[in-house]
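Residues -1 to 643 (this note's numbering) make up the sequence shown, in order. Ideal Cβ positions, reconstructed from N, Cα and C, are used throughout, including at glycine.
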Amino acid sequence: MTTIRTLGIALILASVVALLAATAPAPNPMEAARLNNIGIAYMNQQLFEKALKSFEAAAIADPALEVAAVNRGVALLNLQHGDEAKGMLEKATKSNPKDAHAWYSLGLYYKNSSNAGLAVDAFRRVTEIDPNDADTWYFLGSTCAQLKQFPEAIAAFEHALKLDPHHASAEFGLARAYQQSGQADPAHEAMKKFQYITQNKLGAPISLSYGEQGKYSRAEDSPVAVEKVPVAIPVRFVDVTESAGIITRPSPIGSATMEGGHVERHLAEGIVGTGACFLDYDGDGRVDVFVADDGPQGGFGLYHNLGNGKFEDVTKAAGLDPTLHGIGCTAGDYDNDGATDLVVSFRHRVMLLHNEKNGTFKDVTEAAGIKADGLNIGVTFIDYDHDGDLDLYITRASFRALAGGEAEWEDQMWRNNGNGTFTDVSRETGLATAGFHTAAVGTDYNNDRAVDLVVTDNVPTIFENPREGKFPARQPWTGSKPEFALGVAVLDFDHDGWMDLVFTHQGEPGITLWRNNQGKTFEQVPLPKVEWARAYGVVAFDYDNDGWVDLAAVGETKDGRGEVRLFRNLGPDGWKDVTAETGLDKIQLRESRAIIAGDYDNDGAVDLLITQNHGPAVLLHNEGGNKNNSLRLALKGLNARGHRR
-1 MTTIRTLGIA
9 LILASVVALL
19 AATAPAPNPM
29 EAARLNNIGI
39 AYMNQQLFEK
49 ALKSFEAAAI
59 ADPALEVAAV
69 NRGVALLNLQ
79 HGDEAKGMLE
89 KATKSNPKDA
99 HAWYSLGLYY
109 KNSSNAGLAV
119 DAFRRVTEID
129 PNDADTWYFL
139 GSTCAQLKQF
149 PEAIAAFEHA
159 LKLDPHHASA
169 EFGLARAYQQ
179 SGQADPAHEA
189 MKKFQYITQN
199 KLGAPISLSY
209 GEQGKYSRAE
219 DSPVAVEKVP
229 VAIPVRFVDV
239 TESAGIITRP
249 SPIGSATMEG
259 GHVERHLAEG
269 IVGTGACFLD
279 YDGDGRVDVF
289 VADDGPQGGF
299 GLYHNLGNGK
309 FEDVTKAAGL
319 DPTLHGIGCT
329 AGDYDNDGAT
339 DLVVSFRHRV
349 MLLHNEKNGT
359 FKDVTEAAGI
369 KADGLNIGVT
379 FIDYDHDGDL
389 DLYITRASFR
399 ALAGGEAEWE
409 DQMWRNNGNG
419 TFTDVSRETG
429 LATAGFHTAA
439 VGTDYNNDRA
449 VDLVVTDNVP
459 TIFENPREGK
469 FPARQPWTGS
479 KPEFALGVAV
489 LDFDHDGWMD
499 LVFTHQGEPG
509 ITLWRNNQGK
519 TFEQVPLPKV
529 EWARAYGVVA
539 FDYDNDGWVD
549 LAAVGETKDG
559 RGEVRLFRNL
569 GPDGWKDVTA
579 ETGLDKIQLR
589 ESRAIIAGDY
599 DNDGAVDLLI
609 TQNHGPAVLL
619 HNEGGNKNNS
629 LRLALKGLNA
639 RGHRR
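Have a look at this one:
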């Protein structure tokens, strides 16, 4: 009787388990990947509780997603829930012994819980998985020092410094290890090097903040995210220039510019045209618009965002001369006073406009010590020396490069002294090069946490930031080359953690995309073909908020007709020209030049603004892109100040 009863209970339990299995939702890898990557975005915002909930939801959506478990451990560590984190990470290392993130985070837990022996074992595991990570070798040395294993600690610190000579924490750890082992002279030399590194801001000690303890201390992207791009949602771009109040009075073709008392034409006006910047000049949380030329009175134009989809012309009220004809512009807070400043390029000078925080700008170029004779085209704020102050890089086109002239004007790098003045360091940085340089952008192309420069030319050059000394010039293009480049933008289009590049060209094919092969080479990736004779501005942005960076560019057909094209990123399926389906084929353009992206109405969808040579600026409202707003994620890379974003 008992046996029959037991068998009956077993059958009932088996039925219940089968029923639960049948009714349980099937794993959803794509949803899990989406939730995991939203968690990463929360981690980057230091919102660890929200991140943890996203990672937990990802694990429910797909229990097989291993990175979600590791990321839960990382989030728990940052929430100071050490025991829970330990259990999660130990389980992850058993599930996947080759996961460097899990071992690294476990090593940090052991180190901070005074279990240096297990920490040493964990960090050694990471060095076996990735022997080229300087931060791992630093932590290995640090934990060996905790155990008073000074020869091992010294060897680990020296290995870290071999990989990264400006690793401040490794240099300090080396000094301490030598000191504690009774070696005074090498300890003194190492401490001198540490002081040199920190005083010259070549490197900074590792902090306790999330993301600042090495790349393996950060949450992991989901590898599933690259498998599929969501189905397209309906998005339309609508010309709202007139209704928004973007009033322009374009200069006539061949307009003259007053410079130094002489009337001179822009030598390259047919190529470079009018620059534009989105900025919040008055700190009200709404994006305003500045155009360097063809504004309300033919020159400068500053449009204040009223917050209801409308703009008003405040050029004169802001202390700007509406009759000045600029070329390019850049916006940034160069003096760290909390207000966004402007730089505008001209032929024979640039203008540094300080934001007075009362709604006006003041020309402080002379007081800042900036002098730039020549054809100044592109201006770029970039913190090349990582000292917390924005420096200024100026790209220039030489006469010889333009039309066989004799004068050659070299690019300039102006170092921000931190006191309102700048110093020309072009030659000592090796950036004083001449050519047909129309644009530059900062990016960390080799993931060494130093911001590099990409400069357009007949063949673009990447100037690699050595942190100290001259920038070596690299042209790592494989196969064909991106010749006669005019515009450039940076993006990680394939979610591999390496920043890729896109160029526009003075000639066919008009636009090319280049995949970054782990900082070693760049190879061309196919884009939909366009019948362009030349192209100008290009911008990387996520127009439909699906988590994949898309591309928009402006160019001209062989018969001189201006066009804007939008390419949707389909991930592993390539790219699709969605110009027609988003309404951009209806936009009438003449001599389109710059294209910039920004959410001017704060609706969560990124809008576009296009400038035209001797024509009105065109404001395009994104209608529909905010429907995927929950998928908006932070992009990887370095910002202008050289910090990760």
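- Here H323 is buried. Its C-beta has 16 or more other C-beta atoms within 10 Å.
- In this chain, the beta strand (DSSP E) harbouring H352 covers R347 to N353.
- One Cα belongs to Y301, the other to T519, and the distance between them is close to 42 Å.
- Ranked by Cα distance from A66, the options K96, R284, A31 and R447 are led by A31.
- Residue environment: I231 is assigned as exposed (fewer than 16 neighbouring CB atoms within 10 Å of its CB, all protein chains considered).
- Beta-bridge partners of E561 (DSSP): G553.
- When DSSP states are grouped into helix, strand and coil, M497 belongs to the coil group.
- Of the candidates Q144, A175 and A316, the residue whose Cα lies closest to the Cα of E156 is A175.
- When only Cα atoms are considered, L429 and E462 end up about 10 Å apart.
- G336 and T555 have their C-alpha atoms spaced approximately 43 Å apart.
- Under DSSP, H619 takes part in a beta bridge, and its partners are V236.
- Judged by DSSP in its simplified three-state form, T393 adopts strand.
- Taking all protein chains shown into account, P129 has fewer than 16 neighbouring C-beta atoms within 10 Å of its C-beta and is therefore exposed.
- In this structure, the straight-line span from the alpha carbon of G553 to that of T609 is close to 12 Å.
- For T272, no alpha helix (DSSP H) encloses it, and the DSSP letter there is neither H nor E.
- For the pair G622 and A578, the Cα-to-Cα distance works out to about 15 Å.
- For E187 and A173, the gap between their C-alpha atoms comes out near 8 Å.
- Residue state for W101 is assigned as helix, using DSSP reduced to three classes.
- R563 and D575 have their C-alpha atoms some 7 Å from each other.
- Note on geometry: alpha-carbon atoms of T476 and Q147 lie some 47 Å from one another.
- Note on geometry: alpha-carbon atoms of S167 and E150 lie some 16 Å from one another.
- Contact check for F344 and L318: beta-carbon distance about 14 Å, past the 8 Å limit, so the pair fails to qualify.
- Per DSSP, reduced to three states, the secondary structure at D385 is coil, with no helix or strand assignment.
- Between W407 and L373, the CB-CB gap stays under 8 Å.
- Where W412 is concerned, the enclosing beta strand (DSSP E) starts and stops at Q410 to N414.
- For the pair F298 and V287, the CB atoms are not nearer than the 8 Å cut-off.
- DSSP places Y208 in the coil class of the three-state scheme, outside both helix and strand.
- Within 10 angstroms of the beta-carbon of S112 lie fewer than 16 other beta-carbons, which makes it exposed.
- Checking the DSSP bridge columns, you'll see R513 partnered with E521.
- When C-alpha distances from G105 are compared across S215, E64 and K96, the shortest belongs to S215.
- In chain order, A166, E169, F170 and A173 place their CB closer than 7 Å to the CB of F192, counting only its own chain and leaving out the 5 sequence neighbours on each side.
- Here D133 has G212 as same chain residues with Cβ atoms under 6 Å from its own Cβ, once five neighbours each way along the sequence are excluded.
- D81 has its alpha-carbon roughly 51 Å from the corresponding atom of I593.
- When the Cα atoms are used, A395 and A432 turn out to be separated by approximately 7 Å.
- Of the residues T321, A316 and A274, the one whose Cα lies closest to the Cα of P294 is T321.
- Annotated three-state conformation of D601 is coil, per DSSP.
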